[in-house]
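A.B. asks: So that we are looking at the same thing, I have put the structure below in structure tokens.
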Amino acid sequence: MKNINNLWSIRMRASKSLLKKGEKDVPAKNNHKEIHISGAEGLYNKNQINIIVKNYIKRALSHSKGFPDKIIITIEKLNKKPIIIKSLPVITIISRNLIESKKIVKRILTSTGISEKSIKKGLEIVKKGNMRGAAILTVTSGRRIEQDYKRGVRVSRLGISKESLKTLSKLLKKHDINTDTVREAIILASKVSSHKDVIAELCVSDDPDYTTGYIASKKFGYVRIPFIKRYKCSTGGRVFFVSENSDIKDISDYLEKTPVIIGNISKSIKRITFDELLSQSDN
Ligand code: AMP
């Protein structure tokens, strides 16, 4: 990234209407007028705009969730200098099936200090799905504190420098996980985790073909969990677990509006069991 004082936020969102032909404003099902097909965003220099927009359109038109009938691209100059952060370490947990992964999810969340009540609520939210953004729950009492329950909080204005992207791609390639999905999840999770009040993030993709979810936290890093949901299940979601007395306005402003860029990559990448994860965090 040549000039971080002169960056642009580029965002893409592709969707498909659920209204039947000729139908005016009565949604087909679930009270939703459209389904989300794909989305992407990043922070770029002016000379990258053309190529990035071209790539985003290509992605919008070739997603496994279907063909969109609306693609919205926003290209916006940042009015603030981005904060530079380091990416989280990457860990893949060894799990053989859904049952094992379900236990692992609960145990990791418990180990980051989240109460049983809050975990239960978080798991219900991702199971239900149908949100555009993330729900925010307090760690102990499990209070839901985001303003708009239907939409949730959308993490935005985030990116990675060209040099860091190269380093990250090289690292992920060695472990055969160098995909758009993994890279973008690491960028998002690293931004979310960098807020002082965020304790952990749980993510289950709503892509029916993608069954690896993650829990990200300052304590363990970005921890990928295979078999987090059933294959061909198209619901997913995100939950951010935050300290009990967090200021929701401060968290939302940071996640949605403050530009953050990854400028340094953690070189740690591992494939380990849950017990190994716990023992390494004790050391
Ligand atoms: P995905 O990993 O893109 O399949 O998204 C899984 C879920 O995460 C979605 O259903 C949304 O609820 C949520 N989500 C997607 N993108 C964002 C974002 N930028 N900020 C917050 N939540 C998001």
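Using the numbering used here, read the sequence shown as starting at 242 and increasing by one per residue. Beta carbons are placed, not taken as given, at the ideal position from N, Cα and C, and that holds for glycine.
Reducing DSSP to helix, strand and coil, say where VAL294 ends up.
C.D. replies: Here residue 294 is taken as the residue at index 53 of the sequence shown, counted from 1. Helix.
A.B. asks: Report yes if the CB atom of ILE456 is closer than 8 angstroms to the CB atom of ALA441, and no otherwise.
C.D. replies: Residue mapping note: residue 456 aligns to position 215 of the sequence shown, counting from 1. Residue mapping note: residue 441 aligns to position 200 of the sequence shown, counting from 1. It is a contact, given that the beta carbons lie within the stated cut-off.
A.B. asks: Is any non-hydrogen atom of the ligand AMP found closer than 7 angstroms to the C-beta of SER397, if you look at the structure I gave you?
C.D. replies: If you number the sequence shown from 1, residue 397 lands on position 156. Closer than 7 angstroms to some heavy atom of the ligand AMP: that describes the Cβ of SER397.
A.B. asks: Name the residue from ILE386, THR453, ASP438 whose alpha carbon lies nearest to the alpha carbon of VAL445.
C.D. replies: Residue mapping note: residue 445 aligns to position 204 of the sequence shown, counting from 1. For the residues ILE386, THR453, ASP438, the minimum Cα distance to VAL445 belongs to THR453.
A.B. asks: Helix, strand or coil: which one does DSSP assign to ARG512?
C.D. replies: For the purposes of this step, residue 512 is taken as residue 271 along the sequence shown, with counting starting at 1. Reduced to three states, the DSSP call for ARG512 is strand.
A.B. asks: Write down every uninterrupted run of the alpha helix (DSSP H) in the segment 419-484 whose length is 4 residues or greater and which is fully enclosed by it, in chain order.
C.D. replies: 421-434
A.B. asks: Say the cut is 7 angstroms; is the CB of VAL394 nearer than that to a heavy atom of the ligand AMP?
C.D. replies: Walking along the sequence shown from the start, residue 394 turns up at place 153. True, at least one ligand heavy atom lies under 7 angstroms from that Cβ.
A.B. asks: Can you find a C-beta in chain D that's less than 8 angstroms from the C-beta of ASN419?
C.D. replies: Although the question refers to chain D, the structure presented lacks it and comprises just one protein chain.
A.B. asks: Can you give me the C-alpha to C-alpha distance between SER258 and SER522, rounded to a whole angstrom?
C.D. replies: One-based indexing of the sequence shown puts residue 258 at position 17. One-based indexing of the sequence shown puts residue 522 at position 281. Going from the Cα of SER258 to the Cα of SER522 covers about 46 angstroms.
A.B. asks: With DSSP collapsed to three states, give me the class of THR408.
C.D. replies: Stepping through the sequence shown from its first residue, residue 408 is reached at position 167. Three-state result, THR408: helix.
A.B. asks: Residues bridged to TYR285 by DSSP?
C.D. replies: Locating residue 285 in the sequence shown gives position 44, where the first residue counts as 1. According to DSSP, TYR285 bridges with TRP249.
A.B. asks: Using a threshold of 8 angstroms, state whether the C-beta atoms of VAL331 and TYR463 are closer than that.
C.D. replies: Mapped onto the sequence shown, residue 331 falls at position 90. Mapped onto the sequence shown, residue 463 falls at position 222. In this structure, TYR463 lies closer than 8 angstroms to VAL331 by Cβ.
A.B. asks: Just checking ALA375 against the ligand COA - is the residue's beta carbon closer than 7 angstroms to any of the ligand's heavy atoms?
C.D. replies: In terms of ligand content, the structure shown lacks the ligand COA and carries the ligand AMP instead.
A.B. asks: Counting only runs of 4+ residues fully inside the segment 293-357, write out the alpha helix (DSSP H) ranges in chain order.
C.D. replies: As far as the segment 293-357 is concerned, its whole alpha helix (DSSP H) runs of at least 4 residues are 339-352.
A.B. asks: Is there at least one non-hydrogen atom of the ligand AMP closer than 7 angstroms to the beta-carbon of GLY280?
C.D. replies: Within the sequence shown, residue 280 is the residue found at index 39, counting from 1. It does: the Cβ of GLY280 is within 7 angstroms (strictly closer) of some heavy atom of the ligand AMP.
A.B. asks: Would you identify the three-state DSSP class for SER522, choosing helix, strand or coil?
C.D. replies: Against the sequence shown, residue 522 aligns to sequence position 281. In the structure shown, SER522 sits in a helix (DSSP, three-state: H, G or I).
A.B. asks: Please list the terminal residues of the continuous alpha helix (DSSP H) segment that includes ILE492.
C.D. replies: Taking the first residue of the sequence shown as 1, we reach residue 492 at position 251. Residues 489-493.
A.B. asks: Under 8 angstroms Cβ to Cβ from GLY280, same chain only, skipping five residues before and after it: list those, please.
C.D. replies: Your numbering for residue 280 matches position 39 in the sequence shown. Result list for GLY280: ARG252, MET253, ARG254, ALA255, in chain order.
A.B. asks: Along the chain, where does the beta strand (DSSP E) containing ASN505 start, and where does it finish?
C.D. replies: Counting from 1 along the sequence shown, the entry for residue 505 is found at position 264. Bounds of the beta strand (DSSP E) holding ASN505 are 501-505.
A.B. asks: Taking contact to mean at least 3 C-beta pairs separated by less than 8 angstroms, is the segment 344-354 in contact with the segment 367-375?
C.D. replies: no
A.B. asks: Leaving aside the five residues before and after LYS270 along the sequence, list all residues of the same chain whose C-beta is less than 7 angstroms from its C-beta, in chain order.
C.D. replies: Along the sequence shown, one-based indexing puts residue 270 at 29. Its pLDDT being 45, under 50, LYS270 is placed unreliably by the model, and nothing is read from it.
A.B. asks: Rounded to whole angstroms, how far is the Cβ of SER342 from the Cβ of ILE466, which I believe are closer than 8 angstroms?
C.D. replies: As a working mapping, residue 342 is identified with position 101 in the sequence shown. As a working mapping, residue 466 is identified with position 225 in the sequence shown. Going by Cβ atoms, the distance from SER342 to ILE466 rounds to 5 angstroms, so yes, they are a contact pair.
A.B. asks: Using a 10 Å radius around the Cβ and a threshold of 16 neighbouring Cβ atoms, would you call GLU387 buried or exposed?
C.D. replies: In the sequence shown, the residue the question calls residue 387 occupies position 146. Counting Cβ neighbours within 10 Å, GLU387 comes out buried, since at least 16 surround it.
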